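Visitor: Encoded as structure tokens, here's the structure I'll be asking about.
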Amino acid sequence: MSHDVILEAVDVVKHFGDGGNWLSPKPPVQAVDGVSLKIRRGETFAIVGESGCGKSTLARLLMRLLEPTAGNVLFDGAEISHAKGAKLKRLRRDMQFIFQDPFSSLNPRMSVGKLVGEPLEVHAPDMNADDRRAKVAELLRKVGLRPEHAGRYPHEFSGGQRQRIGIARALASGPKLIIGDEPVSALDVSVQAQVINLLGDLRRDLGLTLVVIAHDLSVIRHMSDRVAVMYLGRIVEIGTAQQVFATPRHPYTQALLSAIPSMEGTSRDKKPAVQGEMPSPSDPPSGCRFHTRCPHVQPLCKSQSPKLHGQGHQVACHFWQDIAMPPTESAPPNRSDRAEARFALYRAATTGGTVIHQDKKATTERT
Amino acid sequence: MTDMPLKPAQQSRLRIFLDSDIFYMFKKSPVAILSTIVVAILVLSAVFAPLIAPTNPFDPASLNLMNGFTGPMTPNAFTGDSFLLGTDDQGRDVFSTILYGMRVSLFVGVAAVLFAMVLGITLGLISGYVGGWTETIIMRTADVQLTFPSILVAMLIFGVAKGFTPVEYRDQMAIWVLILAIGLSDWVQFARVVRGATLVEKRKEYVEAARLIGRTPFAIMLRHILPNVLSPVLVIATISLALAIIAEATLSFLGVGAPATQPSLGTLIRIGQGFLFSGEWWILLFPAVTLLVLALSVNLLGDWLRDALNPRLR
Numbered sequence: 001m002s003h004d005v006i007l008e009a010v011d012v013v014k015h016f017g018d019g020g021n022w023l024s025p026k027p028p029v030q031a032v033d034g035v036s037l038k039i040r041r042g043e044t045f046a047i048v049g050e051s052g053c054g055k056s057t058l059a060r061l062l063m064r065l066l067e068p069t070a071g072n073v074l075f076d077g078a079e080i081s082h083a084k085g086a087k088l089k090r091l092r093r094d095m096q097f098i099f100q101d102p103f104s105s106l107n108p109r110m111s112v113g114k115l116v117g118e119p120l121e122v123h124a125p126d127m128n129a130d131d132r133r134a135k136v137a138e139l140l141r142k143v144g145l146r147p148e149h150a151g152r153y154p155h156e157f158s159g160g161q162r163q164r165i166g167i168a169r170a171l172a173s174g175p176k177l178i179i180g181d182e183p184v185s186a187l188d189v190s191v192q193a194q195v196i197n198l199l200g201d202l203r204r205d206l207g208l209t210l211v212v213i214a215h216d217l218s219v220i221r222h223m224s225d226r227v228a229v230m231y232l233g234r235i236v237e238i239g240t241a242q243q244v245f246a247t248p249r250h251p252y253t254q255a256l257l258s259a260i261p262s263m264e265g266t267s268r269d270k271k272p273a274v275q276g277e278m279p280s281p282s283d284p285p286s287g288c289r290f291h292t293r294c295p296h297v298q299p300l301c302k303s304q305s306p307k308l309h310g311q312g313h314q315v316a317c318h319f320w321q322d323i324a325m326p327p328t329e330s331a332p333p334n335r336s337d338r339a340e341a342r343f344a345l346y347r348a349a350t351t352g353g354t355v356i357h358q359d360k361k362a363t364t365e366r367t
Numbered sequence: 001m002t003d004m005p006l007k008p009a010q011q012s013r014l015r016i017f018l019d020s021d022i023f024y025m026f027k028k029s030p031v032a033i034l035s036t037i038v039v040a041i042l043v044l045s046a047v048f049a050p051l052i053a054p055t056n057p058f059d060p061a062s063l064n065l066m067n068g069f070t071g072p073m074t075p076n077a078f079t080g081d082s083f084l085l086g087t088d089d090q091g092r093d094v095f096s097t098i099l100y101g102m103r104v105s106l107f108v109g110v111a112a113v114l115f116a117m118v119l120g121i122t123l124g125l126i127s128g129y130v131g132g133w134t135e136t137i138i139m140r141t142a143d144v145q146l147t148f149p150s151i152l153v154a155m156l157i158f159g160v161a162k163g164f165t166p167v168e169y170r171d172q173m174a175i176w177v178l179i180l181a182i183g184l185s186d187w188v189q190f191a192r193v194v195r196g197a198t199l200v201e202k203r204k205e206y207v208e209a210a211r212l213i214g215r216t217p218f219a220i221m222l223r224h225i226l227p228n229v230l231s232p233v234l235v236i237a238t239i240s241l242a243l244a245i246i247a248e249a250t251l252s253f254l255g256v257g258a259p260a261t262q263p264s265l266g267t268l269i270r271i272g273q274g275f276l277f278s279g280e281w282w283i284l285l286f287p288a289v290t291l292l293v294l295a296l297s298v299n300l301l302g303d304w305l306r307d308a309l310n311p312r313l314r
């Protein structure tokens with residue numbers, strides 16, 4: 001367990017709103033409520049949860065875009081949650097962010113060359129214009145764009161290309177860690193895979209640490225080493241991707257996983273997904289925050305809030321041992337011939353070889 | 001090779017403009033074309049007044065008092081000189097005084113709008129981006145100022161400033177005081193529009209992205225938000241240019257603006273209206289028509305620009 005921790009959150013709390021005034025009291029929104037996690041150097045760490053569970057707020061807290069109401073964030077062992085001035089500037093160089101929406105996160109009035117060169121202007125002010133242009137060209141090539149794209153403006157690019165611009169911009173200052181807030185959820189499914197692969201390649205080549213926020217579990221499963229599942233501002237389960245996906249312990253994680261549409265169409269007879277809506281974060285339920293929707297709820301859950309416990313694979317549930325799901329098989333038994341052919345194609349594509357269509361049947365099935 | 005990527009975009013700036021929606025809409029609008037031509041003629045003739053004007057009306061040596069009150073296109077009874085638009089009481093050629101007067105009017109108008117623009121954009125950006133008490137103070141000041149007619153504000157500022165100027169410099173300073181007065185009475189609308197646009201832009205993710213890169217608030221305002229709030233400012237600037245010219249003429253007409261030694265169109269109208277009932281109508285009418293045409297065409301241009309830049313009105 002003596003892993004090198006690059007980013008650590010200790011009991012981080014973020015409440016929004018000041019409680020209104022005496023005429024109209026408003027309870028504060030408890031967006032993040034006591035989250036602790038350790039992100040190890042070089043890994044891909046994923047944070048998943050429904051919309052509104054506080055994962056974007058958590059990402060902004062880790063990035064020091066927001067100051068926590070309570071708790072600490074440590075980057076490379078140094079407290080950063082209230083960093084200012086030169087310390088903050090150094091932090092901005094070492095930690096970068098990829099936005100969810102590639103359309104609003106690029107200034108429409110700036111050319112791509114300016115956008116990608118901007119971090120260099122801030123963090124390497126001594127660099128002359130020629131060197132900067134050369135560096136921008138190199139960055140653009142690294143993310144799969146052409147250097148001559150530098151003269152164009154963001155509106156001339158597609159969503160996937162814009163996200164690549166965003167990635168090039170994030171890489172420009174030479175960060176050690178990149179946080180992606182739903183980096184692919186605004187993209188077409190076909191483009192998502194390209195961007196995910198790009199992020200994976202960059203992580204490997206540049207030795208980056210990646211933190212990925214997402215609600216799409218299939219994306220997470222593909223790219224992450226460890227996964228944290230969030231519900232209503234708290235982490236309910238942390239483990240390696242293998243542990244969380246194969247043997248989910250928390251009933252919420254189990255429900256999330258059973259909601260993934262299966263490619264074989266056999267998921268209909270699985271146990272039902274969670275019922276109802278997520279409660280309001282300004283008035284969270286007592287005890288375990290999931291008890292209003294949990295199929296296994298017990299009296300204890302309503303009064304006492306469970307702590308994260310366990311070694312490695314941690315879970316915040318009083319009764320996880322009683323409700324553990326049998327490990328799901330990694331390869332479900334009866335695949336149809338069509339599915340089998342499709343998987344063969346996927347495997348060929350992911351191993352990097354050129355896909356050659358064996359016969360006409362395979363071609364028609366792909367289209 | 002590092003320069004390569006930038007070149008195509010730079011070379012085709014003109015092409016991009018000629019292909020743009022704005023230029024296309026411009027070609028489609030006779031009003032816009034006509035008012036542009038009129039504004040261009042008036043501005044050029046004001047700028048090149050010394051070359052165009054037949055006489056220099058402010059050079060006493062070139063004036064002949066005998067030429068006073070000559071009607072337009074009619075030879076003077078004593079000297080036989082003929083003037084296109086007649087002469088005033090001191091024998092100054094009205095056409096020349098209009099050209100020189102337009103110079104003053106346009107200079108004051110443009111300078112006042114620029115001053116109001118710089119002031120309004122700065123205060124608007126700051127109040128929109130910073131918010132809190134700064135915003136409250138700036139915008140409440142603007143609200144208070146809006147409750148007074150701007151001409152009254154300008155007169156107040158003009159009067160106060162004049163009180164502080166030594167008597168011997170008053171005529172020289174009058175133009176600059178005028179610019180200050182009109183500019184100060186006009187910054188409010190720039191500030192309001194820029195603040196509104198800044199509030200919209202600051203919520204966009206690219207501003208957050210700039211913060212994440214480590215940009216200072218000053219750089220974010222100047223390099224990221226400002227370019228994105230400029231198009232409504234352009235429209236307001238055009239419309240307030242017409243208003244500033246009229247404000248200047250009003251002040252000068254009331255006798256608190258440009259001095260008689262350096263008359264603007266408003267001063268000329270003031271001088272002319274004294275002769276209206278004695279039959280010398282041309283001294284009043286021609287400067288007044290010039291002012292009307294100038295203000296109207298600038299205004300029409302501003303209106304067209306507002307419509308062209310606002311996609312909702314298309």
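Those protein sequence lines, which keep their order, are chains A and B.
Numbering (our numbering) for the first sequence: 1 to 367.
Numbering (our numbering) for the second sequence: 1 to 314.
In this text, a Cβ means the ideal position worked out from N, Cα and C, and glycines have one as well.
Just so you know, these numbers come straight off a predicted model, no measurement behind them.
1. Strictly by DSSP, which residues pair up with N72 (chain A)?
2. Show which residues of chain B have a CB atom less than 7 angstroms away from the CB atom of K89 (chain A).
3. Kindly give me the distance between the Cβ atoms of L308 (chain A) and L256 (chain A), rounded to whole angstroms, as I take these residues to be in contact under 8 angstroms.
4. So the candidates are B:F78, B:G128, B:A111; which of them puts its Cα closest to the Cα of T238 (chain B)?
5. Below 7 angstroms between beta carbons: does that hold for G233 (chain A) and D33 (chain A)?
6. Do we get a CB-CB distance below 7 angstroms when we pair R203 (chain A) with the residues of chain B?
7. Is the shortest distance between the beta-carbon of S81 (chain A) and the beta-carbons of chain B less than 7 angstroms?
8. Between E156 (chain A) and chain B, is any beta-carbon pair separated by less than 7 angstroms?
9. What residues in its chain sit with their C-beta under 6 angstroms from that of W22 (chain A), if we drop five residues either side in the sequence?
10. Please classify T44 (chain A) as buried or exposed, where buried requires at least 16 other C-beta atoms within 10 Å of its C-beta.
11. What residues of chain B sit near V116 (chain A), judged by a beta carbon separation below 7 angstroms?
12. Going by the C-beta, is V189 (chain A) closer than 6 angstroms to any heavy atom of the ligand MG?
13. Quick test of the definition: if touching needs 3 or more C-beta pairs under 8 angstroms, does the stretch 57-75 of chain A touch the stretch 148-165 of chain A?
14. If you run the structure through DSSP and keep just helix, strand and coil, what is K84 (chain A)?
15. Any idea what DSSP makes of Q96 (chain A), helix, strand or coil?
16. Can you give me the C-alpha to C-alpha distance between D186 (chain B) and A116 (chain B), rounded to a whole angstrom?
17. Go ahead and pull the three-state DSSP assignment for E79 (chain A).
18. Do L125 (chain B) and T70 (chain B) have their CB atoms nearer than 7 angstroms?
19. Since F245 (chain A) and R226 (chain A) are thought to touch, with beta carbons under 8 angstroms apart, how far apart are those beta carbons, to the nearest angstrom?
20. Would you mind stating whether A295 (chain B) and A258 (chain B) have Cβ atoms separated by less than 7 angstroms?
21. For H291 (chain A), which of helix, strand or coil comes out of DSSP?
22. Pull up the distance between the alpha-carbon of S258 (chain A) and that of P248 (chain A), whole angstroms please.
23. Pairing CB atoms from the stretch 205-224 of chain B with CB atoms from the stretch 105-125 of chain A, are three or more of them under 8 angstroms?
24. Sorted by chain position, which residues of the same chain lie with C-beta nearer than 7 angstroms to K14 (chain A)'s C-beta, five sequence neighbours on each side aside?
25. What do you reckon, are the CB atoms on A186 (chain A) and Q96 (chain A) nearer than 7 angstroms?
26. What are the residues of the stretch 213-245 of chain B that lie near chain A, defined by any Cβ-Cβ distance shorter than 7 angstroms?
27. List, in chain order, every chain B residue whose beta-carbon is nearer than 8 angstroms to that of F45 (chain A).
28. Does the count of Cβ pairs from the stretch 291-299 of chain A and the stretch 311-325 of chain A closer than 8 angstroms reach three?
29. Is the CB of Y206 (chain B) under 7 angstroms away from at least one CB in chain A?
30. So, at 7 angstroms on beta carbons, what are the nonlocal neighbours of F286 (chain B) in its own chain, with the 5 sequence-adjacent residues on each side left out?
31. Which of the three DSSP states, helix, strand or coil, is assigned to F164 (chain B)?
32. Roughly how many whole angstroms lie between the Cα atoms of P166 (chain B) and Q172 (chain B)?
33. Determine the direct distance from the alpha carbon of A172 (chain A) to that of A134 (chain A), and round the result to whole angstroms.
34. For the stretch 179-201 of chain B, which residues have a CB atom closer than 9 angstroms to at least one CB atom of chain A, in sequence order?
35. Mapping DSSP to helix, strand and coil, what is V289 (chain B)?
Guide: Reading from the atomic positions:
1. A:V10
2. G214
3. Incorrect: roughly 17 angstroms between the Cβ atoms, too far for contact.
4. B:A111
5. yes
6. no
7. no
8. no
9. none
10. buried
11. Those do not exist, as V116 (chain A) stays about 11 angstroms from chain B at its closest Cβ, beyond 7 angstroms.
12. By its list of ligands, the structure shown contains no ligand whatsoever, and the ligand MG lies outside what it can speak to.
13. no
14. coil
15. strand
16. 6 angstroms
17. strand
18. no
19. About 11 angstroms; that fails the 8 angstroms criterion.
20. no
21. coil
22. 10 angstroms
23. yes
24. A31, V32, T57, L61, L66, P68, T69
25. no
26. I213, G214, R215, H224, P227, N228
27. Those do not exist, as F45 (chain A) stays about 19 angstroms from chain B at its closest Cβ, beyond 8 angstroms.
28. yes
29. yes
30. L85, V94, I98
31. helix
32. 11 angstroms
33. 12 angstroms
34. none
35. helix
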